[in-house]
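> After the structure tokens below, expect a handful of questions from me.
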Amino acid sequence: MSGRNTDAFDDASVAGSNGAANGGPGGIGNSGNGNRRQASQKQVEKIVLQYLKTKGYRNAEKALREDAIMDGAETTIGDLASVFPASEMGSDANVPEWVLFYSEAEQGNPDAYSQSYRELRRWTDSSLDVYRHELYAVSFPIFVHAYLDLHMRGLHEKAAEFMEQYSRDHVVHHGKDIETLTTLKTKAHVEENALAKLYRENKYGIRMTRVGFELLLSFLQDHHFTLLMRTVNQYLNIRTIDGAVQIASESEADVGITGHTQNQLDHFNSQDIALGSAPLDPFVRDEVERTLQSEAGRHIKDSTTEEASALLDTFARAKQDSTTNALSARDAIPMPPPRGVEIEQQIANLKALRKRVALSPAALPSVCMYTLHNTDNTMNCATVSEDLSLMAGGFSESYVKIWSLKREPLRGFQSNFVPNSVNSEEDMEAVREKTGEDSRKLIGHSGPVFGVDISFDSKYLLSCSEDKTARLWSLDTMTNVVCYRGHNYPIWDVSFAPQGFYFATASHDRTARLWSCDHIYALRIFAGHLSDVNCVRFHPNAKYVVTGSCDKTVRLWDVQRGSCVRVFTGHTGSVDTVAISPDGRIMASAGEDQTVNVWDLGSGRRMESLTGHTGSVYSLAFSQEGTLLLSGSADETVRAWDIKRSSTASDHPIIAQRQSEQDQSKAADPDAMDVDSDGKSAGNNAGSSEKDKADAASNGDSKKRDAAGIWKSKRVAESDALLKTWRTKSTPVYNVTMTKRNLAIAIGAFTL
Amino acid sequence: MIYSKATIKSISESIGIPRLKDGITTAMAQDVEYRLHEIIVEAAKFMHHSRRTKLTVGDINRALRVRNVEPVYGFESGRPSKFHRATTGIDDDVFYVDDEMIDLDAALDEALPSVPPSVAYTAHWLAIEGVQPRIQQNPVEAEPDAQAGAKRQNTGNGADAVETILEVKHVLSKELQLYYECITESLRSSDSVVRATAVSSIAADAGIHQLVTYFVQYVATTVKSNLRNVDTLTTALAVARAVRTNPHLFVEPYMHQLIPSLLTCVVSRQLGEPGSSAHWALRDNAAEQVSEICKQFGQVYHTLQPRVARTLLRAFLDPTKPLSTHYGAITGLTALGTSVVRVLLLPNMRTYMALLDVEMEKQEEEARMCQNALVRALRKLAEHYEDEVGLSHMQKHKLAEVVGTTLAGVVYEDPQAGKIMGAVAAAVAETKMSNQE
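Chains as they are written, first to last, in our numbering: chain A, 1 to 752; chain B, 1001 to 1437.
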């Protein structure tokens, strides 16, 4: 957003917590030190006075009042206490005082929350369309804190009533949170529940237009809703945007809890990041060139030499490309010296590049589907190697199973072989097992395996498990090589760096960690997520990792510094999968909320929000050009999405996108009407269903969940960017991958 | 509240705390509910990471372990638990898991259950260049349903006449549309030169890939609605051939749509006007095309040829079918190659000739065509047979044993009689050998 950040309430909260030390009450001048002390003295008196008044100690109050007048203050406290000039409330500095003194009037009234919240909702419903979305967004944290406040004050029945009465306003966007909050029954629960703590200890980010914000303030002041005002002050971090921008949906205004103020988020997202490709090791480069040249220069002309010279051409072009685009060697992360595999890899890449199928919205890829049978719901994850020679799956029964996709026998080494006696290729062959099947179990974990990944050269496999370990397996020997301990809770995901050697894990302990294969301890701990880290992927240049979390955010971490450099907010459910385009500029994330969000890594902005899936999205993959995105989901489909087109939109991609969406859905989308009627049948009152309609018309996101807060809506509005849906036969798609030649691979387990 | 106070009370009594105060039970009930929810939220994470949508006892146990609580043992099972309802009469109904009593002695005596099949994978194309092939592994497109549903909706509230957008947008350029119209028009023309030009255009044009499905559709509908018009059918067959032979087109995904139409032209009861004899050539043509397809795609789709052969054989062996159908079936089987003739036709020839001898008197022409077709089949059998056998009555008698007297007579007159007899004898011997094995 181009707007100026006022962050009024950040300052306000500081003022509030320091008492009134740095700001005099409305009518009192406060220049100079002495004056300030005097003023703070008065503050204290006022508080005491207020207390006495509510407790009914009239005599004491009177005495104090007289005392104060004798002091010769400019303004009597009584006057101050009875009439606070509303007009002066506009200035932010006054807010804390006002909140401090006038909340007391509402304090004793258990219905105050309910009444004022109802008024707020009614006022929001009747407000102008332009501001309605942001006002709805701001009403959610107010609602939550009102509910929690009621519990904290021991009014548990009132709280339950309050929840029952108003929760339906928010189930569409915050179904999960509401579900959890509803179960809180006592003060003790509020104090120890993780979610409640999250709301209490962090500020809830909201993005508003300046006018919308002012409207809200003046509404709260005019009606003396001090309780709400206090909530806004204490628990919200409102960020105003100037200029002629419009917030067209609730989710756009809703930044949510990130553990940072929006100023900090801005700071994060404006850090410089280098998204260029990793530089090619000069040794590897020369070696590749030499190999190709020697092959091209052979005397006998045949197809291989021709191919080699063509490859040389491609290599020269690719090299030039990368020199303009690559990171400087200083920026790149250190890598061990090349082992020869890299050269083969480079040549294979070049060949693949020449054979790559050009994909575009008009030319969709071929998808090869691997269906696993007899898994009996025990398979948790699956992956294929880059050269499509191996497929691996992680199972609940603590093992990893690998299959040779070429149906060749997988032969490990004999158990009695002596490494010292192996000197040549022949020796290697001699110590290999004589026979083998085309599939093999790797046994070693002591809990369900939640993630597997195969290195780029298909020589190593990583797996991670509930048993808090990640394990490295050699696919030559078919044995466990290293066991990495460090996480204290189950590990959800593991991912190799594109060039191998490094890998990252994501865990239930709310951290992601960076490891290198040759160290048994983590090199970096990426801490900052407020809930489980569900998935982790490396940026193509291995300088960054991207993590998706249950806290509904996606973060980008700098590997070298170990710090967070981008925070992406906008999901309404936990993020289960992320993917980065091969050119390293775009990132896509998806998860429980059935929406695929596409982000521009450079600016940290959302480019597109793609809806259409009717189940959790399990996996994402970009085509090599980055123009197509494939997604695999629990709804038993693979879908292809068109990516590039919104990047042509103006400098406000979000707004432009939103507006175009709005226009389209205004053309009476039948689906929108459907979902709407669902909402009504689930017991929405007229007011809120009207609100739903407004939401549904402008925002695809809101159609995702039905009123019960469960993601099961049958018909979801499909984004225009959806190019194609391929259904499977009752096979949820666990993984989609794109090979270097732009062949799509999908893996799923057939479930009954 | 999930747990009533009564439940808490009865549980407390069962563990030896006789009288709980009311306040305590309420607090307990609330707390239990909250704790349960916490555990379930945690367990849902495990469920989600196991890529499941059903919560299992295992998930709950893992969630408990994460929270450092002893898991509940004894409830984990591969199958989902079945709950039964018991009516108590006083309070609400009670649900319980039905635990089967197992007699240990009997269980130990029983044979071990078979090992469950190990996890295996199969591969198939979910999409080929973006198009989902209609193969067994892919679900049937639900599009027609969706369309029907949309239509019903439309008629339901006609007032707002919602325009339904098809799930798949098929963009056909204007040029292609014009081309298709022009071609189909030409195919309908009475001038054979125009028709031939249209067909050759289909056979050679490189840029009409998007129209393949339309042409296949065209063949199918034409065949279906023009069974009496031999000329139109011939054109349709020509189109089918053109589409197949065009080197720029990728017809593999559409073969399953093409084959039924062709088979119709082979074995249909009545093709052309009754009495006309033009349909024999048509059947030959279609049979040839079917065999070509089988040759071309037999490698990839192993079941293709057996399926076609089975269809034809069924037509051949059904005595209720008219002779024209039999003719088509014989021709079709012959076109599939010598081994098909040897295995499927030859053993049935004698029985069939008995039937044909009877028919010979009623409908001479048809019967003779069938007989000729059988002779052709025998010639096909002898095609690659080198050794000739000397003609003798002995040999003729032998042949008659296999193919019937009438046919043996005909063959005896044939210029290649020696070769055929040798081939038949060899084929019979081979069949016997394989039967013995």
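Note that beta-carbon positions come from the ideal geometry of N, C-alpha and C, so glycine has one too.
#1: Can you list the alpha helix (DSSP H) stretches of 4 or more residues lying completely in the region 1207-1245 of chain B, in chain order?
#2: Hey, is T1120/B's beta-carbon within less than 7 Å of any beta-carbon in chain A?
#3: Using CA atoms only, rank isn't needed, just tell me which of D376/A, Y370/A and S631/A is closest to T383/A.
#4: Is there a Cβ from chain A that is less than 7 Å from the Cβ of I1039/B?
#5: Grouping DSSP H, G and I as helix and E and B as strand, with all else coil, what is V1251/B?
#6: Quick check on DSSP: helix, strand or coil for F219/A?
#7: Any idea what DSSP makes of R339/A, helix, strand or coil?
#8: Provide the residue span of the beta strand (DSSP E) that contains E1384/B, from first to last.
#9: Mapping the DSSP letters down to three states, classify G632/A as helix, strand or coil.
#10: Classify H1384/B: buried if its beta carbon has 16 or more other beta carbons within 10 angstroms, exposed otherwise.
#11: Quick check: the Cα distance between T375/A and S1118/B, rounded to an integer number of angstroms?
#12: Please compile the residues from chain B whose C-beta is within a distance smaller than 7 Å of the C-beta of E466/A.
#13: Classify D386/A: buried if its beta carbon has 16 or more other beta carbons within 10 angstroms, exposed otherwise.
#14: Taking 7 Å as the CB-CB cut-off, is R1052/B touching chain A?
#15: Interface residues of chain A around P1117/B at Cβ under 7 Å?
#16: For Q1030/B, decide whether its Cβ has a neighbour in chain A, counting only Cβ atoms nearer than 7 Å.
#17: Measure the beta-carbon distance from F143/A to Y117/A and round it to whole angstroms, keeping in mind my assumption that it falls under 8 Å.
#18: Report the residue from T186/A, D129/A and R741/A whose alpha carbon sits nearest the alpha carbon of V211/A.
#19: Would you call the region 595-607 of chain A and the region 289-298 of chain A touching, i.e. three or more CB-CB distances under 8 Å?
#20: Considering only the beta carbon of each residue, do A506/A and V533/A sit closer than 7 Å?
#21: Does Q1132/B come within less than 7 Å of chain E when only Cβ atoms are used?
#22: Keeping to the same chain, check which residues put their C-beta closer than 8 Å to that of A1335/B; ignore five residues upstream and five downstream.
#23: Under a CB-based cut-off of 7 Å, is L364/A close to chain B?
#24: Secondary structure at H539/A, three-state DSSP: helix, strand or coil?
#25: Would a C-beta distance cut-off of 7 Å place G615/A and D635/A closer than the cut-off?
#26: Using the beta-carbon of each residue, which ones in chain A are nearer than 8 Å to Q1137/B?
#27: Which same chain residues end up closer than 8 Å to G584/A when comparing Cβ atoms and leaving out the 5 residues on each side of it in sequence?
#28: Under 8 Å Cβ to Cβ from F268/A, same chain only, skipping five residues before and after it: list those, please.
#29: Can you check DSSP and say which residues form a bridge with F503/A?
#30: In the DSSP output, what is R440/A paired with across the bridge?
#31: The beta strand (DSSP E) that contains E608/A, what's its start and end?
#32: Check the Cβ-Cβ distances between A522/A and every residue of chain B, and say whether any is below 7 Å.
#33: Is the distance from the Cβ of L215/A to the Cβ of P279/A below 7 Å?
#34: Going by DSSP in three states, K724/A sits in which element: helix, strand or coil?
#35: Does DSSP put T637/A in a helix, in a strand, or in coil?
#36: I believe V482/A touches S631/A by the beta-carbon criterion, under 8 Å. Please report the beta-carbon distance rounded to the nearest angstrom.
The relevant details are as follows:
#1: 1212-1225 and 1230-1245
#2: Taking the second sequence and counting its residues from 1, the one referred to as residue 1120/B is at position 120. For clarity, residue 1120/B is Ala in the given sequence; the question names Thr instead. Cβ-Cβ to chain A under 7 Å: yes for A1120/B.
#3: Position 383 of the first sequence, counted from the start, is the residue given in the question as residue 383/A. For T383/A, the nearest C-alpha among the options comes from Y370/A.
#4: The residue given as residue 1039/B occupies position 39 in the second sequence. For I1039/B, the answer is no, since every Cβ of chain A falls outside 7 Å of its Cβ.
#5: As a working mapping, residue 1251/B is identified with position 251 in the second sequence. Correct three-state label for V1251/B: coil.
#6: Taking the first sequence and counting its residues from 1, the one referred to as residue 219/A is at position 219. Helix at F219/A.
#7: Taking the first residue of the first sequence as 1, we reach residue 339/A at position 339. Note: R339/A maps to coil in three-state DSSP.
#8: Walking along the second sequence from the start, residue 1384/B turns up at place 384. First, the amino acid is wrong: residue 1384/B is His here, not Glu. Counting along the chain, H1384/B falls outside any beta strand (DSSP E), and DSSP gives it neither H nor E.
#9: Looking up residue 632/A in the first sequence gives position 632. Three-state DSSP puts G632/A in a strand.
#10: Residue mapping note: residue 1384/B aligns to position 384 of the second sequence, counting from 1. Flag for H1384/B reads exposed.
#11: Looking up residue 375/A in the first sequence gives position 375. Looking up residue 1118/B in the second sequence gives position 118. Between T375/A and S1118/B, the C-alpha separation is close to 8 Å.
#12: On the first sequence, position 466 is the one that residue 466/A refers to. What E466/A touches in chain B: R1062.
#13: Taking the first sequence and counting its residues from 1, the one referred to as residue 386/A is at position 386. For the sequence presented, residue 386/A should be read as Glu rather than Asp. Counting Cβ neighbours within 10 Å, E386/A comes out buried, since at least 16 surround it.
#14: Within the second sequence, residue 1052/B is the residue found at index 52, counting from 1. Chain A contact via Cβ: present.
#15: Along the second sequence, one-based indexing puts residue 1117/B at 117. Under the 7 Å cutoff, chain A gives N374.
#16: Within the second sequence, residue 1030/B is the residue found at index 30, counting from 1. So, interface residue.
#17: Numbered from 1 along the first sequence, position 143 holds the residue referred to as residue 143/A. Numbered from 1 along the first sequence, position 117 holds the residue referred to as residue 117/A. That belief holds up - the Cβ atoms of F143/A and Y117/A are roughly 6 Å apart, short of 8 Å.
#18: Counting from 1 along the first sequence, the entry for residue 211/A is found at position 211. Comparing Cα positions, the closest option is D129/A.
#19: no
#20: Position 506 of the first sequence holds residue 506/A. Position 533 of the first sequence holds residue 533/A. For A506/A and V533/A, yes; Cβs fall inside 7 Å.
#21: No chain E is present in this structure, whose protein chains are A and B.
#22: In the second sequence, the residue the question calls residue 1335/B occupies position 335. Taken in chain order, the residues that qualify are A1287, E1288, V1290 and S1291.
#23: Walking along the first sequence from the start, residue 364/A turns up at place 364. Closer than 7 Å to some Cβ of chain B, the Cβ of L364/A qualifies, so yes.
#24: In the first sequence, residue 539/A corresponds to position 539, counting from 1. Here H539/A sits in coil by DSSP.
#25: For the purposes of this step, residue 615/A is identified with residue 615 of the first sequence, where counting begins at 1. For the purposes of this step, residue 635/A is identified with residue 635 of the first sequence, where counting begins at 1. It is a contact, given that the beta carbons lie within the stated cut-off.
#26: Taking the first residue of the second sequence as 1, we reach residue 1137/B at position 137. Under a criterion of Cβ atoms nearer than 8 Å, the residues of chain A adjacent to Q1137/B are, in order, M369, T371 and K729.
#27: As a working note, residue 584/A is residue 584 in the first sequence. Excluding positions up to five away in sequence, the list reads L275, G276, S277, H539, P540, N541 and L601.
#28: Counted from its first residue, the first sequence places residue 268/A at position 268. Only H260, C564, V565, R566, V567 and G604 meet the Cβ criterion.
#29: The residue given as residue 503/A occupies position 503 in the first sequence. According to DSSP, which records beta bridges pairwise, F503/A is partnered with F496/A and W515/A.
#30: As a working note, residue 440/A is residue 440 in the first sequence. R440/A is bridged to I402/A.
#31: Within the first sequence, residue 608/A is the residue found at index 608, counting from 1. E608/A -> beta strand (DSSP E) spans R605 to L610.
#32: In the first sequence, counting from the first residue as 1, residue 522/A sits at position 522. Taking CB atoms only, A522/A has no neighbour in chain B less than 7 Å away.
#33: Here residue 215/A refers to the residue found at position 215 of the first sequence. Here residue 279/A refers to the residue found at position 279 of the first sequence. Against a cut-off of 7 Å, the Cβ pair of P279/A and L215/A comes out as no contact.
#34: The residue labelled residue 724/A in the question sits at position 724 within the first sequence. K724/A: strand per DSSP, three-state reduction.
#35: Position 637 of the first sequence holds residue 637/A. Here T637/A sits in strand by DSSP.
#36: Translated into the one-based positions of the first sequence, residue 482/A becomes position 482. Translated into the one-based positions of the first sequence, residue 631/A becomes position 631. About 33 Å; that fails the 8 Å criterion.
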